[in-house]
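Peer 1: Heads up: the protein sequence lines correspond to chains A and B, in order.
Straight run, no breaks: the first sequence in the working numbering ends on number 751.
Straight run, no breaks: the second sequence in the working numbering ends on number 751.
For glycine and all other residues, C-beta sits at the position ideal for the given N, C-alpha and C.
Everything numeric in this text was worked out from a predicted model, so none of it was measured.
2 protein chains.
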Amino acid sequence: MAPLQFQPLSSQPTPSFWSALNSLKLDKLKLDDSEQPMEAWLEESREIHDREKGGTIGVSGSVGLGSGAFGQESGERPPAGSVELKGVFKNYNTIEEFKATETKKEIFNSVADSILASFETNAPQLDTFLLVTFADLKKYIYHYWFAFPAVVSKPAWEIEEGGLVAAEDQLVAEARKLADDLSNRSGALLVRGPAGQRTAAPVKDATAFFEGVPSSERIVAFHDPSHLPDAPGWPVRNVLFYLASKHGLSDVTILCLRSGSSSRIGRVSLPGPLSAEKPTFVGWERNKIGKLGSRVADLGPMMDPARLADQAVDLNLKLMRWRIMPSLQLEKVAATKCLLLGAGTLGCYVARALMGWGIRNITFVDSAKVSYSNPVRQPLFDFEDCLDGGKPKAQCAADRLKKIFPGVNAQAHAFTIPMPGHPVPSTGTEATKADVAKLESLIAEHDAVFLLMDSRESRWLPTVIGASLGKIIINAALGYDSYLVMRHGAGPDQQDGGKRLGCYYCNDIVAPADSLSDRTLDQMCTVTRPGIAPIASASAVELLVSLVQHPLGINAPAETASSAEQEPSKGSPLGLVPHQLRGQLSQWKTLLIEGAAYDRCTGCSKIVVDAYRKDGIDMLLKVFNDLEYLEKLTGLDELHRESEKAMEGIEWEEGSDEEDF
Amino acid sequence: MAPLQFQPLSSQPTPSFWSALNSLKLDKLKLDDSEQPMEAWLEESREIHDREKGGTIGVSGSVGLGSGAFGQESGERPPAGSVELKGVFKNYNTIEEFKATETKKEIFNSVADSILASFETNAPQLDTFLLVTFADLKKYIYHYWFAFPAVVSKPAWEIEEGGLVAAEDQLVAEARKLADDLSNRSGALLVRGPAGQRTAAPVKDATAFFEGVPSSERIVAFHDPSHLPDAPGWPVRNVLFYLASKHGLSDVTILCLRSGSSSRIGRVSLPGPLSAEKPTFVGWERNKIGKLGSRVADLGPMMDPARLADQAVDLNLKLMRWRIMPSLQLEKVAATKCLLLGAGTLGCYVARALMGWGIRNITFVDSAKVSYSNPVRQPLFDFEDCLDGGKPKAQCAADRLKKIFPGVNAQAHAFTIPMPGHPVPSTGTEATKADVAKLESLIAEHDAVFLLMDSRESRWLPTVIGASLGKIIINAALGYDSYLVMRHGAGPDQQDGGKRLGCYYCNDIVAPADSLSDRTLDQMCTVTRPGIAPIASASAVELLVSLVQHPLGINAPAETASSAEQEPSKGSPLGLVPHQLRGQLSQWKTLLIEGAAYDRCTGCSKIVVDAYRKDGIDMLLKVFNDLEYLEKLTGLDELHRESEKAMEGIEWEEGSDEEDF
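(1) Shorter than 8 angstroms from the beta carbon of F300/A to some beta carbon of chain B?
(2) Would you mind giving the Cβ-Cβ distance between D773/B and S172/B, rounded to the nearest angstrom? I have them listed as a contact below 8 angstroms.
(3) Taking all protein chains shown into account, decide if I309/A is buried (16 or more other Cβ within 10 angstroms of its Cβ) or exposed.
(4) Going by DSSP, what residue range makes up the alpha helix (DSSP H) through I185/A?
(5) Based on DSSP bridge pairs, tell me the residues matched to L359/A.
(6) Return the residues of the stretch 497-516 of chain A that lie within a Cβ-Cβ distance of less than 8 angstroms from chain B, sorted by chain order.
(7) When the cut-off is 8 angstroms and only beta carbons count, does M543/A lie next to chain B?
(8) From N464/B to G434/B, what does the alpha carbon distance come to, in whole angstroms?
(9) Could you list the residues in the stretch 667-678 of chain A with a C-beta less than 7 angstroms from some C-beta on chain B, going in chain order?
(10) Using a Cβ-Cβ cut-off of less than 9 angstroms, give me the residues of the stretch 623-635 of chain B that come near chain A, in sequence order.
(11) Leaving out five residues before and five after L532/A in sequence, what residues of the same chain have Cβ atoms less than 6 angstroms from its Cβ?
(12) DSSP has P103/A in a bridge; who is on the other side?
(13) Using only the alpha-carbon positions, how far apart do A557/B and C691/B sit?
(14) So, with DSSP's three-state summary, where would you put W742/B?
(15) Of all the beta strand (DSSP E) runs that stay within the bounds of the stretch 209-285 of chain A, which reach a length of 3 or more residues?
(16) Please identify the residue among C694/A, A686/A, S629/A, S676/A whose C-alpha is closest to the C-alpha of G665/A.
(17) In chain order, what residues of the same chain have a beta carbon less than 6 angstroms from the beta carbon of W678/B, not counting five sequence neighbours either side?
(18) On a Cα-Cα basis, can you pick out the residue from N328/B, Q639/B, I138/B, L710/B that is closest to A425/B?
(19) If distances are taken between C-alpha atoms only, which option among L175/A, K481/A, L444/A comes closest to Y462/A?
(20) Tell me, to the nearest whole angstrom, how far the beta carbon of E134/B is from that of R348/B; I am working on the premise that it is less than 8 angstroms.
(21) Can you tell me whether R467/A is buried or exposed, with buried defined as 16 or more other CB within 10 angstroms of its CB?
(22) Counting only Cβ pairs nearer than 9 angstroms, list the residues of chain B close to P476/A.
(23) At a Cβ cut of 7 angstroms, what residues of the stretch 435-449 of chain A count as close to chain B, listed as they run along the chain?
(24) Is there at least one Cβ from chain B nearer than 8 angstroms to S461/A's Cβ?
(25) When we look at the beta-carbon of A190/A and count the other beta-carbons within 10 Å, is it buried (16 or more) or exposed?
(26) Quick one: residues in its chain with C-beta nearer than 6 angstroms to the C-beta of G497/A, no 5 flanking neighbours on either side, listed in chain order?
(27) Name the residues in the stretch 675-705 of chain B whose C-beta lies less than 8 angstroms from a C-beta of chain A; which are they?
(28) Tell me which residues of the stretch 203-229 of chain B have at least one Cβ-Cβ distance to chain A shorter than 9 angstroms, keeping chain order.
(29) Using the rule of at least 16 other Cβ atoms within 10 Å of the residue's Cβ for burial, across every protein chain shown, is D705/B buried or exposed?
(30) Would DSSP call R141/A helix, strand or coil?
(31) By DSSP, does E732/B sit in helix, in strand, or in coil?
(32) Cutting at 6 angstroms between CB atoms, please list the residues of its own chain near V539/A, excluding the five before and the five after it.
(33) Going straight from the alpha carbon of I355/A to that of N406/A, what length do you get?
(34) What's the gap between the Cα of K115/B and the Cα of Y439/B?
(35) Step through the CB atoms of chain A and report whether any lies within less than 8 angstroms of the CB of P482/B.
(36) Along the chain, where does the beta strand (DSSP E) containing G148/A start, and where does it finish?
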């Protein structure tokens with residue numbers, strides 16, 4: 091008789107396992123570090139051809155950890171013939187917790203206790219493993235430690251003289267068939283009876299099944315991961331302990347089912363009585379240098395960089411949801427297609443903030459080229475983009491977005507948006523029609539339109555088209571040390587019947603006209619404190635995202651600090667969704683302003699939108715060519731006459747005492 | 091007799107002339123489009139060797155416009171022997187004004203009128219020219235039109251049979267000497283007398299000088315730009331008209347001084363009586379295609395792109411000064427050397443805003459590498475910077491600044507700033523000493539230090555060094571949807587004796603300690619709404635610039651809306667210079683907060699700064715290694731004991747009625 095020894099188990103996580111762990115952590119667990127159920131598989135040992143020496147060599151089976159470990163749908167299947175294992179998974183939130191000995195001892199003991207407790211039930215857990223991890227999702231480095239807790243038998247078990255011997259092929263074949271018939275894919279089964287007429291039962295039925303069977307004919311067969319001639323694999327330890335302690339077996343024959351013709355058999359004695367004290371468990375996997383310690387999987391170098399970037403970008407966003415804002419609908423934000431009219435200072439900063447929010451579809455429209463003064467203020471351009479007359483801004487901005495993040499879908503169009511009061515020469519009518527059609531289809535294809543141009547009148551056409559199509563319009567305009575950021579109201583088709591919010595033109599009582607000719611240099615350049623643009627752009631993007639998160643979307647009312655306090659649950663999880671922000675940098679002040687829609691508005695009123703819908707390009711050409719058309723259409727001209735008339739009776743006093751007159 | 095014809099003048103602006111115009115416009119005129127005096131020079135015609143045909147050909151002299159045209163100090167001197175011209179310069183603010191015929195007619199006539207008016211004085215202006223321009227400073231395209239208004243003589247002047255003939259060398263030599271002796275470098279002079287004994291006088295003295303001189307011996311000599319054998323140059327027209335109309339000369343001999351041996355001489359008759367009506371003037375230069383029209387100088391392609399960028403960056407800034415903020419001291423801003431501790435989200439955005447303000451010296455300190463999640467949030471990094479483990483962030487950020495603007499002086503240093511509560515192992519003492527020394531010298535070399543790190547305790551060391559050296563410290567920190575931007579007070583050496591403002595640590599009653607270990611993933615990444623960083627960064631830079639512009643600089647009091655109203659002239663031209671800004675994005679709100687310095691502050695109190703000054707690195711090592719040292723030093727530990735003692739007598743009621751207890 092010699093002491094019975096067991097070959098320890100080794101774990102084999104596949105790369106897709108780590109990917110599954112990523113998803114579990116980011117999307118489900120977040121900061122939850124409680125124990126989770128998980129699955130794995132156990133392979134029998136195999137024989138492989140030894141190229142060097144000829145003949146075959148044995149290779150141990152591992153515990154395979156795959157993409158389906160956490161119950162996700164997965165294309166990855168365990169190899170045929172492998173045993174299903176159930177386990178316990180725990181991911182620590184910090185490397186320090188992971189490294190602490192105490193926490194790992196605790197969970198190991200708790201798994202051991204649950205194994206012992208299961209012995210008292212009708213479903214003993216004999217194949218339970220443990221995996222603890224710390225996942226550095228920023229670097230794709232995974233610290234992990236696998237354990238298969240197994241009882242230490244006291245006194246030690248022994249194997250009969252001669253040890254394990256080759257098992258007869260017929261017995262092996264019969265046992266395999268019986269195992270398949272039992273079809274529980276568990277690790278071990280009981281076998282009895284004469285050759286050719288053998289029967290099987292699950293381990294839990296040992297007492298009844300082996301009743302009256304001579305001890306020499308009681309066979310415990312199991313799928314064996316060990317390839318060592320004299321040592322069975324680790325998992326049978328708990329099986330034997332269970333049979334000894336719960337079913338009183340003091341000796342059995344173990345049949346180690348191994349692949350090919352390498353299965354082994356032998357008789358073992360399980361001397362008793364077992365100690366009354368709680369048994370101890372062992373089973374932490376050794377690391378690559380043979381020590382008891384955790385392992386590290388560094389997937390960074392083997393991952394596709396573009397995919398790494400993709401996941402990394404999502405990471406920061408998902409982290410927001412973890413602790414702070416579980417109700418945040420990131421997918422809704424990410425799915426918002428954004429059209430940026432203008433690729434200047436505002437356009438560049440807006441695009442960057444949109445990328446930060448995970449928005450993947452960004453289209454620029456701009457007809458200008460990158461000039462030397464741009465790069466220090468427009469954060470998508472470099473000095474070299476200015477050379478040789480300058481690259482087209484829209485395309486250059488889109489190209490840069492791809493350099494920042496290859497996963498973005500960035501498009502560019504270079505054309506000038508037709509404007510009221512900028513007459514179209516007859517030779518240019520076709521080109522203007524094409525530009526209008528292009529803008530119409532672009533707005534139709536996107537969910538949100540940003541007005542980021544440097545003139546008042548260029549915002550008119552997208553305002554009308556947006557109001558007609560019910561698109562979200564976010565408008566940003568810069569002053570010297572002030573800015574306006576606003577969302578346009580929902581347009582004349584507003585759904586909820588509430589008070590309709592105004593657009594950029596609702597406060598005007600004159601129609602937009604040519605303000606571009608006859609400008610001095612400081613009017614041609616946007617003269618503004620350098621800090622204004624990033625503040626306004628970031629605010630514009632945050633306003634869009636807040637609006638997208640609001641349950642009423644484009645129909646959300648203009649919120650103020652007091653309105654939100656009344657019914658916070660009905661609003662956006664990101665906070666207030668105001669109508670207009672007016673910022674003043676010299677005072678470090680931002681005013682939240684609400685402006686109602688104006689029924690004579692030249693941009694979003696029903697009159698204008700209806701005329702556009704009815705006559706399309708013909709109506710638009712009138713607007714471009716005829717300075718007075720819009721004011722006539724909306725009745726603003728009449729209003730002017732009325733107010734002039736009202737003035738007539740008044741005599742202005744000259745030289746009055748009021749100096750501030 | 092044949093009608094006397096004149097060779098029209100051509101203008102020849104040098105590239106440095108346009109550069110001088112740039113400076114005049116940007117720094118002095120701004121939007122002032124009033125008429126300005128200017129200077130030019132007129133060259134005599136030259137003979138040059140004709141390579142093709144052999145022999146010499148004549149080349150007209152031009153009106154040279156150079157870098158000294160507007161009275162600036164200039165290395166450029168008019169060519170030897172050239173005549174000084176005085177002129178009138180007018181720059182239009184818009185291309186439309188420049189192109190309008192009326193405005194140009196007006197100014198031409200006004201110059202002609204002033205020429206005529208000068209005839210009645212003792213200093214007739216016979217050489218006055220006019221230059222009108224429109225300068226597109228963004229593109230370096232200059233529209234200009236030169237004129238030399240000259241009288242149209244009615245009836246026409248005539249030249250005697252035979253026209254101009256070669257002048258005798260002796261006469262020419264004598265006339266040149268007399269011109270030099272007159273040393274007024276004007277275009278024309280009067281000469282009389284027999285060969286070898288000739289004398290000269292300025293044109294204004296004609297009546298007296300030619301008294302009794304036979305008309306055939308009255309010589310008008312002038313430096314002649316014409317190279318045509320039979321036509322004198324344009325400028326002599328006004329001389330002849332002046333002599334005829336004011337001095338009653340009806341015929342004179344003109345001596346056209348030309349270079350080499352090509353001078354010409356001839357007798358002209360100036361028939362009278364001159365009409366009583368106001369004479370008409372002509373003299374607009376023809377353009378390259380021979381039409382009366384303006385010319386364009388496009389300097390863009392010939393300029394050094396790096397210099398173009400340099401000027402373009404300044405342009406936007408200078409434009410601010412034009413209309414809006416004449417008192418802005420851009421040079422003071424540009425000269426501010428900035429040290430950015432941290433090249434992450436904040437560092438990248440801060441650097442961009444600093445560049446926008448024209449700041450040319452930016453140094454980054456960061457020990458991290460660019461990771462995949464960075465580029466969409468950190469606007470100095472691209473995807474490719476993440477590959478192969480990532481580039482060092484500080485160097486990568488500095489390199490990018492140079493790509494944006496080659497004129498920047500961007501430096502990078504990769505080291506970790508030692509921190510309180512992060513003990514230094516004995517083997518690491520030398521390295522820590524080196525890091526401290528590096529940080530000390532960097533802070534000493536810069537004017538402003540930005541604290542843009544992602545932990546609380548890493549801000550401690552630069553806070554203490556900055557307080558000791560009296561440097562401006564701007565601190566920015568991000569929350570999930572909030573931010574803090576503040577400037578530290580002037581430190582214990584504050585100059586003006588007023589209330590001292592606090593630093594980042596002045597509100598704390600515990601010393602900074604290790605907060606970096608044991609962090610969960612969302613704590614390791616800065617989880618923040620993407621719009622927060624650009625807003626906070628831009629605010630931090632605007633706060634710095636406002637502070638630099640404040641007459642009290644680092645000693646400026648914490649301003650609020652009401653304090654500024656009292657004495658706006660004593661503050662920064664950019665508006666309020668608050669102490670702290672606390673922004674809350676969910677409310678779109680920014681609070682201006684003032685916090686006084688705390689005499690037990692672990693960062694900026696006199697106790698701490700004095701201990702640092704006295705013991706230097708030894709004191710710092712105690713701080714890093716001994717968690718309790720700072721609290722003992724400042725007496726915070728005593729404070730804790732006192733407050734604990736004060737609590738002793740209090741019995742806490744459990745189960746009290748107050749639910750919000």
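Peer 2: A quick look at the data gives this:
(1) Counting from one through the first sequence, the residue named residue 300/A turns up at place 210. Cβ-Cβ to chain B under 8 angstroms: no for F300/A.
(2) The structure shown does not extend to residue 773/B, since chain B is modelled only from 91 through 751, so no value can be given for it.
(3) Position 219 of the first sequence, counted from the start, is the residue given in the question as residue 309/A. Buried, because 16 or more other Cβ atoms sit within 10 Å of the Cβ of I309/A.
(4) Counted from its first residue, the first sequence places residue 185/A at position 95. From DSSP, the alpha helix (DSSP H) with I185/A extends over 185-189.
(5) Along the first sequence, one-based indexing puts residue 359/A at 269. A small correction: the amino acid at residue 359/A is Ser; Leu does not occupy that position in the sequence shown. In DSSP, S359/A forms a bridge with E248/A, D341/A.
(6) none
(7) Here residue 543/A refers to the residue found at position 453 of the first sequence. Not an interface residue.
(8) Taking the second sequence and counting its residues from 1, one reaches residue 464/B at position 374. Taking the second sequence and counting its residues from 1, one reaches residue 434/B at position 344. Approximately 8 angstroms, taken between the alpha carbons.
(9) P668, L671, L675, S676, Q677, W678
(10) A623, P624, I625, S627, A628, S629, A630, V631, E632, L633, V635
(11) Residue mapping note: residue 532/A aligns to position 442 of the first sequence, counting from 1. If we look at L532/A and ignore the five residues flanking it on each side, its Cβ neighbours are L429.
(12) Taking the first sequence and counting its residues from 1, the one referred to as residue 103/A is at position 13. According to DSSP, which records beta bridges pairwise, P103/A is partnered with L155/A.
(13) Residue numbering aside, residue 557/B sits at position 467 when the second sequence is read from its first letter. Residue numbering aside, residue 691/B sits at position 601 when the second sequence is read from its first letter. Each residue's alpha carbon lies about 12 angstroms from the other.
(14) The count along the second sequence starts at 1 and reaches residue 742/B at position 652. For W742/B, the pLDDT reaches just 42, beneath the cut-off of 50, and the residue's location in the model is therefore unreliable, leaving the point undetermined.
(15) 219-226, 231-241, 278-282
(16) Taking the first residue of the first sequence as position 1, residue 665/A is located at position 575. For the residues C694/A, A686/A, S629/A, S676/A, the minimum Cα distance to G665/A belongs to S629/A.
(17) For the purposes of this step, residue 678/B is taken as residue 588 along the second sequence, with counting starting at 1. Counting only Cβ-Cβ distances below 6 angstroms, and skipping sequence neighbours, we find nothing.
(18) On the second sequence, residue 425/B is found 335 positions in, with the first residue counted as 1. Taking only the C-alpha atoms, the option nearest A425/B is Q639/B.
(19) Taking the first sequence and counting its residues from 1, one reaches residue 462/A at position 372. Nearest C-alpha to Y462/A: K481/A.
(20) Locating residue 134/B in the second sequence gives position 44, counting from the first residue. Locating residue 348/B in the second sequence gives position 258, counting from the first residue. E134/B to R348/B, Cβ: 5 angstroms. Contact.
(21) On the first sequence, position 377 is the one that residue 467/A refers to. Classification of R467/A: buried, given that the 10 Å Cβ count is 16 or more.
(22) On the first sequence, residue 476/A is found 386 positions in, with the first residue counted as 1. Sequence inspection shows Cys at residue 476/A; the Pro mentioned does not correspond to that position. Ordered by position in chain B, the residues that pass the 9 angstroms Cβ test against C476/A are P395, L398, A399, A402.
(23) Y439, R442, A443, M445, G446, W447
(24) Here the question's residue 461/A lines up with position 371 in the first sequence. Chain B, which has a Cβ nearer than 8 angstroms to the Cβ of S461/A, makes this yes.
(25) Reading the first sequence from its first residue, position 100 is the one you call residue 190/A. When all chains shown are included, A190/A counts as exposed.
(26) Residue mapping note: residue 497/A aligns to position 407 of the first sequence, counting from 1. Here the set comprises D400.
(27) L675, S676, Q677, W678, K679, T680, L682
(28) A225, D226, L227, K228, K229
(29) Counting from 1 along the second sequence, the entry for residue 705/B is found at position 615. With fewer than 16 Cβ atoms within 10 Å of its Cβ, D705/B is classed as exposed.
(30) By one-based count along the first sequence, residue 141/A stands at place 51. Correct three-state label for R141/A: coil.
(31) Working through the second sequence from its first residue, we reach residue 732/B at position 642. Helix at E732/B.
(32) Residue numbering aside, residue 539/A sits at position 449 when the first sequence is read from its first letter. Around V539/A: L429, I533, P552, G556, K561, I563.
(33) Taking the first sequence and counting its residues from 1, one reaches residue 355/A at position 265. Taking the first sequence and counting its residues from 1, one reaches residue 406/A at position 316. Whole-angstrom Cα-Cα distance: 56 angstroms.
(34) Within the second sequence, the letter at position 25 stands for residue 115/B. Within the second sequence, the letter at position 349 stands for residue 439/B. Looking at the two C-alpha atoms, the distance is approximately 32 angstroms.
(35) In the second sequence, counting from the first residue as 1, residue 482/B sits at position 392. P482/B does not count as touching chain A.
(36) Within the first sequence, the letter at position 58 stands for residue 148/A. Run containing G148/A: 146-149, per the beta strand (DSSP E) assignment.
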